[in-house]
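K.L.:
For what it's worth, UniProt numbering labels the leading residue of the sequence shown as 1, then goes sequentially. C-beta atoms are modelled at their ideal positions from N, C-alpha and C, and glycine is treated no differently. Quick one: structure below, then a few questions.
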Amino acid sequence: MSFDRILRWALVAIAIAGLTAGSLARAAGRPDVADFAWALGTAPVIAGLAISIVRDLMSGRVGVDAIALLSMSAALALGQPLAGAVVALMYSGGNVLEEIAVARAEHDLRSLVDRAPRQVHRKSGDRIEDAPVEDVAVGEELLVKAGEIVPVDGVVASASATIDESTVTGEPIPVEKTCGTAVLSGSLNAGETFQLTVTAVASESTYAGIVRMVTAAQTAKAPFVRMADRYALIFLPLTLVIAFVAWRISGDLTRSLAVLVAATPCPLILAAPVAFIAGVAQAARRGILAKGGSALESLARAHTVLFDKTGTLTVGGARLLSVEVAPGEDPDEVLRLGASLEQASHHVLAKAVVAAALDRGLKLEPPEHVKEIMGSGLGGRIGGRHVVAGSREMLLSHAELSAWELRAIRRASWRSALIVFVAVDGRLTGALLLADELRADTPRAIRLLRDAGIARMVMVTGDRAAAAQAIGAALDLDAVLADRVPADKVEAVRSEQRLHPTIMVGDGINDAPALAMADTGIALGARGASASSEAADVVILTDRLDRVGEAIIIAQRTRRIALQSIFVGMGLSLVAMVAAAVGWLDPVPAAIVQEVIDVAVILNALRALNPPLVRSGPRLTAEQGLTLHHDHQALLRDLDRLRQIVDALDDVVPESVAALIGEAHRLVQSSVVMHEREDEDSVYPKLTEVLRDRHGLSAMSRAHREILHLARLLARIAEDLPSEKIDRYLIRDAQRVIEAIETLVRMHTAQEEDIYEAVAA
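What follows is the structure, given as structure tokens:
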């Protein structure tokens, strides 16, 4: 605990003890002892306040504390120690309340520094020895084991390495590094053990630079000016004028003292801290940790929000996007064989492939005789068949690309995806496309921010421009800044700060300097990104981006309540000051009146404890929302099959066309049509009771009618097949209808998810 914090608590304890002892002495008939006790309880508070004011003046700041110093000093000088003791208690108590609200972590960089490796595995002749990272010199050879953090900047000295750079550069997919390729410190070795040739000592490496940038950003950030101090610039001279006028009119300094006591700025001292304490508590109930009232107050004034991409707007890891297959192959079988083999791999992408297969309910087999080729893939036997998964160069290095392979590579390029080919018994059967994807709650989070009054939203990411631009376009962001290293992110924050109050939202180590530099840094800390969480002013404890919008709404409402309390308190204090100036209030009654005003101000400020997002009327229950979500998950699997049928129709023989179109028709009727009719008959009537604006629901019903119309067209094609000549035109028409159904239902389902999220309890 810091000295300043100990001093604040000591002063409030002294003020309480002095006021209590004096009251007991007065009750015992010893007014002399009472006056001494009250004066003794007030004097240390005056001394502490005087030191604080001098420090503020040296920093060029004047706050509400000056009025409290004048009133306490005047009370003792004019023989009114009780009034001084009451003011001392109110002032010191307000400081402690503010201390509780601010409660900012004192170890902002500890976890960031702790993450850095302390020891390295250094090659010394034929031996490997552990050595302190500070002793490593340029040109030495290190061994970086699987799962370890790269300790210093260097280049790969072995055949290859698989490096997860997401925490440093923001690139979500692990990168394959060949011999001689540079590796940044702070990255994670996501593959097998590799050798590293040192190119920079620890103090000059990338990771150390990030730590220095965070420290510099936090030091350079302008001191936060309390809301109360801004209004004190008006209240302080007004108080002095009224006190002077009261003395000039009456010739009695006691009246001036009464004015000062009545003007003691406890509404200013208490209103904002209490309101923001309440706001911090309300935010915490929503999984939002605001590090003190100043963080919440700064959040309320925000105009611009900058987002990191990986792990913030997106899920931050590899996900299976699609399974591309050779003509005649079953996508589920390709995925099952690939996932069965990947069970034996340590590669970070292997987990994504296995998880995708398990999500689809596929039964995996244990692989046998597995051989992994570093940086390329692996092979083994699954159920008597030889299966290989990896890059195409590993599988068929010299063969000419077939049409379906070109299509798979093209689709992977469009979606900035990594592609893993699967071969069975020497023949390519399919390809798995893996990439980062948008969070499910990101669109709603962006809408919440727009509703909260955020005028400008910018993505700033270390990822490639193509992937960043795709996400930016999907979310209708105002600007996209790609290929940015941590220093570039800090500069982007500075550029926006010159124009408006700016928020930075991120989750990785590479975001920590920008989070520290921003007016308000918000970290998504649910995944344990301790470096960004420590550098940020606000931490979202749940894995939900839409909590950022809620945090701003809570902060704005808290600030409104604080302002109401300040203005009401100042108005009532002004009335009391006038009453004291004309002789209606003596110093002690003025202190009591001020106490009544304080209670009213505090009660109003405590309204910030109430949820700002509460709306009257019925809502969907959590169980209903979960059921609707599960229905959509099943529907999306059927939509994936429709997409596969569309692709299969490209190369199908005429004899199989009827079967594929018939399957699509049956799938649409049994899954899509049934789901949309169920929505129209059962779900939408419930939503009608919940939604205030029913016009949006009418538009959703219009989408139902279009989906059912397309389903009837597909049914017509399927029914006419026995008598129709199957040619490329019929196949193309069927593809267009099936693809239109799949696209429209997918978009419509996403819209429904947004609605369900908005009206869920």
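1) Would you say A159 and C179 are within 8 Å of each other, going by their C-beta atoms?
2) Going by the CB atoms, is the gap between A262 and M570 shorter than 8 Å?
3) In the structure shown, what three-state DSSP assignment does T20 receive?
4) Rounded to whole angstroms, what's the CA-CA distance from D108 to P44? Just pull it up for me.
5) Can you look up R122 in the DSSP assignment and give me helix, strand or coil?
6) Could you compute how far the alpha carbon of L253 sits from the alpha carbon of L499?
7) Relative to the alpha-carbon of Q594, which residue among S416, R30, A68 has its alpha-carbon at the smallest distance?
8) On a CA-only basis, which of T749, T20, V96 is nearest V672? Give me that one, please.
9) So the beta strand (DSSP E) E365 belongs to, where does it begin and stop?
10) With a cut-off of 8 Å on the beta carbons, I'd call E742 and H704 a contact; round off their distance for me.
11) What residue from L434, E753, G508 has the CA that sits closest to A318's CA?
12) Along the chain, where does the beta strand (DSSP E) containing S322 start, and where does it finish?
13) Quick check: the segment 323–341 against the segment 446–456, are at least 3 beta-carbon pairs closer than 8 Å?
14) Return the chain-ordered list of same chain residues with a C-beta closer than 6 Å to the C-beta of A10, the five sequence neighbours on each side being excluded.
15) Since A482 contacts R464 with CB under 8 Å, what's their CB separation in whole angstroms?
16) Which same chain residues, not among the five before or five after S701, have their C-beta less than 8 Å away from its C-beta?
17) Would you call the segment 502–522 and the segment 297–312 in contact, with 3 or more CB pairs under 8 Å?
18) Any idea if N604 is buried or exposed, counting beta-carbon neighbours within 10 angstroms, 16 or more meaning buried?
19) Could you tell me if S413 is buried or exposed, where buried requires 16 or more neighbouring beta carbons within 10 angstroms of its beta carbon?
20) Are there 16 or more other CB atoms within 10 angstroms of the CB of L401, so buried, or fewer, so exposed?
21) Could you check what DSSP says for T461 in three-state terms: helix, strand or coil?
22) Quick check on Q119: buried or exposed, where buried means 16 or more other Cβ atoms within 10 Å of its Cβ?
23) With a 10 Å radius around its C-beta and 16 neighbouring C-beta atoms as the bar for buried, classify L49 as buried or exposed.
24) Between T239, V353, L364, L143, which lies nearest to V133 when the distance is taken from Cα to Cα?
25) According to the neighbour-count rule (16 or more other Cβ atoms, all chains shown, within 10 Å of its Cβ), is Q633 buried or exposed?
26) Would you kindly work out how many angstroms separate the C-alpha atoms of V422 and A408, rounded to a whole number?
27) Which value, in whole angstroms, describes the spacing of the CA atoms of A740 and L710?
28) Note down the Cα distance separating T219 from G41, rounded to an integer number of angstroms.
29) Suppose only complete runs of 4+ residues qualify. What are the alpha helix (DSSP H) ranges in the segment 17–58, listed by chain order?
30) Taking G549 as the reference, give the member of G453, D488, L475 with the closest Cα.
31) When the Cα of R392 is compared with those of I382, P367, L406, G380, which residue comes out closest?
32) Among A403, Q556, T239, V668, which residue has its Cα nearest to the Cα of R643?
33) Where do the N-terminal and C-terminal ends of the alpha helix (DSSP H) with S413 fall, by residue?
34) How many Å lie between A258 and I242 at the Cα?
35) Spatial neighbours of I645 within its chain, please: CB distance less than 7 Å, with the 5 preceding and 5 following residues excluded, ordered by chain position.
36) Should L418 and L349 be called a contact, given that it needs their Cβ atoms to be closer than 8 Å?
P.N.:
On the basis of the supplied data:
1) Going by C-beta atoms, A159 is nearer than 8 Å to C179.
2) For M570 and A262, no; Cβs fall outside 8 Å.
3) Taken through DSSP and simplified to helix, strand or coil, T20 comes out as helix.
4) In this prediction, D108 scores a pLDDT of 36, lower than 50, which makes its location untrustworthy; the coordinate-derived value is nonetheless stated afterwards. Distance between the alpha carbons of D108 and P44: 32 Å.
5) Strand, per DSSP.
6) Taking the straight line from one Cα to the other gives about 49 Å.
7) Minimum Cα distance to Q594 is reached at A68.
8) Distance from the Cα of V672 is smallest, within the candidate group T749, T20, V96, for T749.
9) First-last for E365: undefined, no H or E at that position.
10) Their Cβ separation, rounded to whole angstroms, is 16 Å, which puts E742 and H704 out of contact at 8 Å.
11) For A318, the nearest C-alpha among the options comes from L434.
12) Looking at the DSSP string, the run of the beta strand (DSSP E) that includes S322 is 319–325.
13) The segment 446–456 and the segment 323–341 do not touch, with fewer than 3 CB-CB distances between them shorter than 8 Å.
14) Once the five neighbours on either side are set aside, A10 has no close Cβ partner at all.
15) Confirmed, about 6 Å.
16) The answer, listed in chain order, is E680, Y684.
17) The segment 502–522 vs the segment 297–312: in contact.
18) Residue environment for N604: buried (at least 16 other C-beta atoms within 10 angstroms of its C-beta).
19) By the 16-neighbour rule on beta-carbons within 10 angstroms, S413 is exposed.
20) L401 is exposed by the Cβ-count criterion.
21) Residue state, collapsed to three classes: coil.
22) By the neighbour-count rule (16 or more Cβ atoms within 10 Å), Q119 is not buried but exposed.
23) Burial of L49 is indicated by the presence of at least 16 other C-beta atoms within 10 angstroms of its C-beta.
24) Nearest option by C-alpha distance: L143.
25) Around the C-beta of Q633, fewer than 16 other C-beta atoms lie within 10 Å, and the residue is accordingly described as exposed.
26) Looking at the two C-alpha atoms, the distance is approximately 12 Å.
27) When the Cα atoms are used, A740 and L710 turn out to be separated by approximately 8 Å.
28) In this prediction, T219 has a pLDDT of 49, which is less than 50 and means its spatial position is unreliable; what the coordinates show is noted afterwards. The straight-line gap from Cα to Cα measures roughly 36 Å.
29) Segments of the alpha helix (DSSP H) lying fully in the segment 17–58: 31–58.
30) Selected option, being the one with the closest Cα: G453.
31) Relative to R392, the option among I382, P367, L406, G380 whose CA is nearest is L406.
32) Checked all of A403, Q556, T239, V668; the closest Cα to R643 is V668.
33) Where S413 is concerned, the enclosing alpha helix (DSSP H) stretches over 403–414.
34) I242 has its alpha-carbon roughly 11 Å from the corresponding atom of A258.
35) Once the five neighbours on either side are set aside, the close Cβ partners of I645 are L660, E663, A664, I738.
36) Contact: yes.
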